[in-house]
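Structure first, commentary second.
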Amino acid sequence: MKNIVKQILESATKEWVKYQKRKMYREMIVGIKLKKLSKEEKEDINSYYEKLLGKRINPRWHQYYSSINGVFTPKYIPLGLYYAQIVPMLNDRTVSKAYADKNFTERLFPEMLQPKTIVKNINGFYYLRGKPIAKEEALSICNNLSDAVIKQAMETSQGKSVIRFSSSDGMTTCKGLSVQKLFDLYKKNYIVQEVVRQHAILSKLNPTSLNTVRLTTFRREEDVVVLTSLLRMGRKDALVDNVSVGGVFCEISPDGRLKAPAYSIKPTGRYDYNDFGVKYEGIQVPQYEEIVRKAKEMHLQLPYTRIVGWDFTVDEDSQVVLIELNLHSPGVYQLIGPALGEYTDEILTMVKKG
4 MKNIVKQILE SATKEWVKYQ KRKMYREMIV GIKLKKLSKE EKEDINSYYE
54 KLLGKRINPR WHQYYSSING VFTPKYIPLG LYYAQIVPML NDRTVSKAYA
104 DKNFTERLFP EMLQPKTIVK NINGFYYLRG KPIAKEEALS ICNNLSDAVI
154 KQAMETSQGK SVIRFSSSDG MTTCKGLSVQ KLFDLYKKNY IVQEVVRQHA
204 ILSKLNPTSL NTVRLTTFRR EEDVVVLTSL LRMGRKDALV DNVSVGGVFC
254 EISPDGRLKA PAYSIKPTGR YDYNDFGVKY EGIQVPQYEE IVRKAKEMHL
304 QLPYTRIVGW DFTVDEDSQV VLIELNLHSP GVYQLIGPAL GEYTDEILTM
354 VKKG
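Listed below in structure tokens is the structure:
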């Protein structure tokens with residue numbers, strides 16, 4: 004009976020995810036003139052997926068990506084397939100939710116430099132340097148801060164919950180809210196951290212947002228490989244770099260240099276220059292080789308998750324800083340190429356075998 008209930012719940016979850024991604028697709032194509040796929044392209048898609056997955060798929064995402072970036076490949080992954088089947092198969096969600104909780108990242112990777120934590124709220128309880136404290140003490144600690152960030156700790160908000168603020172005598176710069184009211188907005192499971200001062204190269208791409216490298220890694224049987232690599236940047240005056248709230252992203256080549264154009268999805272667009280006239284092409288991402296090395300090393304410590312979306316930045320002292328890891332939503336940025344990269348065939352074969 005338990006197995007039947009579990010199967011029903013899993014099926015319902017998959018259908019809900021697919022529905023959400025169809026809804027996202029409809030929102031993303033508003034105002035865009037999509038190029039029709041040719042008969043040969045549709046046949047390539049059908050042949051590819053029938054061979055590797057044992058079934059045909061709706062080619063609408065192929066049409067969207069190739070219309071924007073001008074590059075056709077049958078290896079684009081439909082978002083419904085990615086989030087409803089691929090990620091759940093690769094990552095054990097019974098443990099990955101805890102792994103992705105920002106309140107526990109310091110425990111997972113204590114040797115890795117991370118933003119300095121001021122206060123944590125875990126399931127409604129407050130903590131300071133790992134020890135429980137009263138809410139009154141947490142408020143007192145945050146009553147006078149020069150530059151801080153508060154954000155949800157769970158992997159759900161896609162940057163929409165990030166608020167940068169200062170405070171004085173219990174009042175914040177966020178819409179005139181008190182620290183108490185700011186805490187109340189988040190209810191529970193959030194973290195307050197000091198703002199990271201980013202490297203000058205990253206700052207010139209947008210100084211108001213913390214710009215991050217999103218590195219998606221895949222654990223094979225004996226090694227960890229990079230599937231996709233990109234730099235996410237906020238637009239002018241934006242405080243976050245997330246594409247879901249208007250940010251842009253640009254592919255990073257294996258040598259660590261940006262490969263133009265950059266893209267946005269809300270609204271959809273492509274750009275060779277940023278809002279300040281800086282050309283993306285050829286900019287060297289600082290400490291890129293070190294970022295890749297650290298991501299691969301840390302992934303080996305996560306045996307229950309085979310695909311991880313890592314967010315890193317580099318601080319003003321050229322030190323690599325881990326911002327967070329994404330396990331439920333490692334991220335799909337297919338305007339720069341297939342989400343599973345050169346390992347698409349291998350992973351789809353795994354999905355087919357179950």
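Our numbering applies: residue 4 is where the sequence shown begins, and numbers increase by one.
Every residue gets a Cβ at the ideal spot worked out from N, C-alpha and C, and that includes glycine.
Following the continuous beta strand (DSSP E) through residue i, name the residue where it begins and the one where it ends.
| i | result |
| --- | --- |
| ARG132 | First-last for ARG132: undefined, no H or E at that position. |
Give the secondary structure of residue i by DSSP, where H, G and I count as helix, E and B as strand, and everything else as coil.
| i | result |
| --- | --- |
| ARG235 | strand |
| ALA101 | helix |
| LEU343 | coil |
| ALA265 | strand |
| TYR189 | helix |
| SER212 | coil |
| ASN277 | coil |
| PHE107 | helix |
| GLU300 | helix |
| ILE35 | coil |
| GLN10 | Reliability fails at GLN10, whose pLDDT of 44 lies under 50, so the model's placement of it is uncertain and the value that follows must be treated cautiously. If DSSP states are grouped into helix, strand and coil, GLN10 belongs with the helices. |
| THR76 | coil |
| GLY334 | coil |
| ILE121 | strand |
| VAL243 | coil |
| CYS253 | strand |
| VAL288 | coil |
| MET4 | Model confidence at MET4 stands at a pLDDT of 46, short of 50, so the residue's coordinates are unreliable and nothing is read from them. |
Could you name the residues that DSSP lists as bridge partners for residue i?
| i | result |
| --- | --- |
| GLN66 | None, per the DSSP bridge assignment. |
| CYS177 | None; CYS177 has no bridge partner. |
| GLU327 | ASP314 |
| PHE112 | Looking at the DSSP assignment, PHE112 forms no beta bridge with any residue, so it has no partner. |
| SER170 | THR175 |
| ALA151 | PHE168 and GLU197 |
| LYS58 | Per DSSP, none; premise fails for LYS58. |
| LYS282 | TYR276 |
| ARG96 | DSSP, once it has assigned bridges, lists no residue as partnering ARG96. |
| VAL182 | DSSP output for VAL182 lists no bridge partner at all. |
| THR220 | VAL229 and VAL311 |
| ARG260 | GLN287 |
| THR352 | THR352 is not bridged to any residue. |
Where does residue i land, buried or exposed, given buried means 16+ other C-beta within 10 angstroms?
| i | result |
| --- | --- |
| GLN287 | exposed |
| LEU84 | buried |
| LYS269 | exposed |
| LYS104 | Correcting the residue type first, residue 104 is Asp in the shown sequence and not Lys. Under this definition ASP104 is a buried residue. |
| ALA141 | buried |
| TYR51 | buried |
| PHE279 | exposed |
| THR352 | exposed |
| GLN337 | buried |
| GLN304 | exposed |
| THR97 | exposed |
| GLU13 | For GLU13, the pLDDT reaches just 49, beneath the cut-off of 50, and the residue's location in the model is therefore unreliable, leaving the point undetermined. |
| ALA203 | exposed |
| ASP244 | buried |
| ARG217 | buried |
| ALA101 | exposed |
| LYS239 | exposed |
| PRO306 | exposed |
| PRO257 | exposed |
So residue i and residue j are supposed to be a Cβ contact under 8 Å. How far apart are they, rounded?
| i | j | result |
| --- | --- | --- |
| THR211 | GLY237 | 6 Å |
| LEU40 | GLN66 | 5 Å |
| LYS138 | TYR129 | 6 Å |
| VAL122 | VAL199 | Wrong, their Cβ atoms sit about 17 Å apart, outside the cutoff. |
| VAL246 | ARG260 | At roughly 21 Å, the Cβ-Cβ gap does not stay under 8 Å, so VAL246 and ARG260 are not in contact. |
| PRO81 | ASN61 | 6 Å |
| LEU233 | ILE339 | 6 Å |
| SER170 | ASN192 | Rounded, the Cβ-Cβ distance is 21 Å, inconsistent with contact. |
| HIS302 | THR220 | 5 Å |
| TYR79 | TRP64 | 6 Å |
Go to residue i, then tell me how far its alpha helix (DSSP H) extends in each direction, as first and last residue.
| i | result |
| --- | --- |
| LEU142 | 138-145 |
| GLU44 | 42-55 |
| VAL90 | 90-93 |
| GLN205 | The residue you asked about is not Gln; residue 205 is Leu in the sequence shown. 203-206 is the span of the alpha helix (DSSP H), which, as asked, contains LEU205. |
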